[in-house]
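> Taking numbering that gives the first Met the number 0, the leading residue of the sequence shown gets 0, the next gets one more, and so forth.
Mind looking over this structure? Questions follow.
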Amino acid sequence: MKVTKAVIPAAGLGTRMLPATKTVPKEMLPLVDKPVIQYIVEEAVASGIEDILIVTNRAKSAMDDYFDYHPELEHRLERSGKLHEAETSRAVADMANIFYVRQKETKGLGHAIWRAKRFVGDEPFAILLGDDIMYTEQGAPALTQLIAAAEKYECSAIGTREVDDEHIVKYSSLKIKPLEERIYDILDMNEKPTLETKLSNHAIMGRYVLTPAIFDALENTAPGAGGEIQLTDGMRALLGRERMVAVDFNAKRYDTGNLCGFLEATIDYALRHPEAGDWLRDFILRKAEMLK
Ligand code: UTP
0 MKVTKAVIPA
10 AGLGTRMLPA
20 TKTVPKEMLP
30 LVDKPVIQYI
40 VEEAVASGIE
50 DILIVTNRAK
60 SAMDDYFDYH
70 PELEHRLERS
80 GKLHEAETSR
90 AVADMANIFY
100 VRQKETKGLG
110 HAIWRAKRFV
120 GDEPFAILLG
130 DDIMYTEQGA
140 PALTQLIAAA
150 EKYECSAIGT
160 REVDDEHIVK
170 YSSLKIKPLE
180 ERIYDILDMN
190 EKPTLETKLS
200 NHAIMGRYVL
210 TPAIFDALEN
220 TAPGAGGEIQ
230 LTDGMRALLG
240 RERMVAVDFN
250 AKRYDTGNLC
260 GFLEATIDYA
270 LRHPEAGDWL
280 RDFILRKAEM
290 LK
């Protein structure tokens, strides 16, 4: 199984980050010196993905512009000797073949993925949620770990992470059976469970490798939690027909779609930044003294 296509659904309304996301897509909010979506595209490319479809909406055209050349800016930088900056700007546009499709109505993650049907065609593909960043210091990126499991078991593979009761009700829960270290057979799943209906504390988390059979499943999926077409409901239907495994990938996960997750990611990435890291460390230590 070779996975060369990825879909990044980025058509959500981002209501948890208002008012910043009223006109700026949450995927374009800067995490230190790059927009959130660039980290996600970098993970996809590092995992062997060549073609990426970003599912957008009418308020998100800043993403198309970002992954394009900006000749006026780049010529100006070149003329003033800022060759590295000009090259950095162009390199963003050359990272992968990036395509766009609009989700005309915000009808849920499952509906957004369904918009990728023509792009995907008849091959397995990856999904990376537009606001979930997975950091790996060493070793394979999170998506690479999922692709390896999908190839080994010749089936769909979904990212998972064990979360506490406070969080499981906000995600999808999985009923699973251990297969090998960090990999599980999936027996069942449900979206936004209550503490009574949760199948376990293993939540579905941000990364997927799915077979194209998901599109038939999504076509027959009725609106679920929140009146939206849920990807989890489509995957549950797929589970009736195909094997699926869950991968507890080895990476630090940041949910940049909520304020505290965004701040945590900002501080961690800034501390790792080659120019800003040392300065920020000193600043935080001084600040902590003042707050004592
Ligand atoms: P989220 O629920 O995390 O994103 O959806 P949201 O809806 O933008 O956030 P809030 O709750 O209003 O703050 C998970 C992923 O699914 C995408 C989002 O862009 C995000 O990547 N999504 C969600 C769509 O593409 N379309 C939708 O209709 C809903």
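Quick reminder that beta carbons are idealized off the backbone N, C-alpha and C, glycines included.
The structure displayed is predicted, hence computed values, not measured ones.
1. Measure the Cβ-Cβ separation of G107 and E227 and say whether it is below 8 Å.
2. Closest by CA to G233, which one among K191, L178 and A221?
3. Could you check how far apart the C-beta atoms of D187 and K174 are, in whole angstroms? I think they sit under 8 Å.
4. Taking its Cβ as the centre, do 16 or more other Cβ atoms sit within 10 Å of R280, making it buried, or is it exposed?
5. So does H110 have its beta carbon nearer than 7 Å to some heavy atom of ligand 1?
6. So for H201, helix, strand or coil by DSSP?
7. Pairs of beta-carbons, one from the stretch 101 to 120 and one from the stretch 50 to 60, closer than 8 Å: are there three or more?
8. DSSP state of P70, grouped into three classes?
9. Would H74 be called buried (16 or more neighbouring beta carbons within 10 Å of its own) or exposed?
10. Three-state secondary structure (DSSP) at Y170?
11. Under three-state DSSP, which class holds E161?
12. Measure from the alpha carbon of S199 to the alpha carbon of each residue in E161, A224, D63 and L217, then state which is nearest.
13. Let me check you understand the geometry: is the CB of T105 closer than 7 Å to at least one non-hydrogen atom of ligand 1?
14. Taking S46 as the reference, give the member of P18, A139 and Y99 with the closest Cα.
15. Can you tell me where the beta strand (DSSP E) holding D254 begins and where it ends?
16. Could you spell out where the alpha helix (DSSP H) holding D184 opens and where it closes?
17. K103 to R285, Cα distance in whole Å?
Here's the rundown:
1. For the purposes of this step, residue 107 is taken as residue 108 along the sequence shown, with counting starting at 1. For the purposes of this step, residue 227 is taken as residue 228 along the sequence shown, with counting starting at 1. Yes, these two residues count as a Cβ contact at 8 Å.
2. Sequence index remark: in the sequence shown, residue 233 carries index 234 (1-based). It is A221.
3. For the purposes of this step, residue 187 is identified with residue 188 of the sequence shown, where counting begins at 1. For the purposes of this step, residue 174 is identified with residue 175 of the sequence shown, where counting begins at 1. The Cβ separation is near 4 Å, so the contact holds.
4. Looking up residue 280 in the sequence shown gives position 281. When all chains shown are included, R280 counts as exposed.
5. The residue given as residue 110 occupies position 111 in the sequence shown. Indeed, a heavy atom of ligand 1 lies less than 7 Å from the Cβ.
6. Numbered from 1 along the sequence shown, position 202 holds the residue referred to as residue 201. The answer is strand: DSSP assigns H201 an E or B state.
7. Result yes; three or more Cβ-Cβ pairs closer than 8 Å.
8. Residue numbering aside, residue 70 sits at position 71 when the sequence shown is read from its first letter. DSSP places P70 in helix when its eight states are reduced to three.
9. The sequence position of residue 74 within the sequence shown is 75, counting from 1. Classification for H74: exposed.
10. Position 171 of the sequence shown, counted from the start, is the residue given in the question as residue 170. In this structure, Y170 counts as coil in the three-state DSSP scheme.
11. As a first step, residue 161 must be located in the sequence shown, where it is residue number 162. Strand, per DSSP.
12. What you label residue 199 is simply residue 200 of the sequence shown in a count that begins at 1. When each option's Cα is compared against that of S199, the closest is E161.
13. Taking the sequence shown and counting its residues from 1, one reaches residue 105 at position 106. Yes, Cβ of T105 sits closer than 7 Å to a heavy atom of ligand 1.
14. For the purposes of this step, residue 46 is taken as the residue at position 47 of the sequence shown. Nearest of P18, A139 and Y99 to S46, Cα basis: A139.
15. In the sequence shown, residue 254 corresponds to position 255, counting from 1. Per DSSP, D254 belongs to the beta strand (DSSP E) from K251 to D254.
16. Here residue 184 refers to the residue found at position 185 of the sequence shown. Here D184 belongs to no alpha helix (DSSP H); instead the beta strand (DSSP E) covers I182 to E190.
17. Here the question's residue 103 lines up with position 104 in the sequence shown. Here the question's residue 285 lines up with position 286 in the sequence shown. Straight across, the Cα-Cα distance linking K103 with R285 is about 49 Å.
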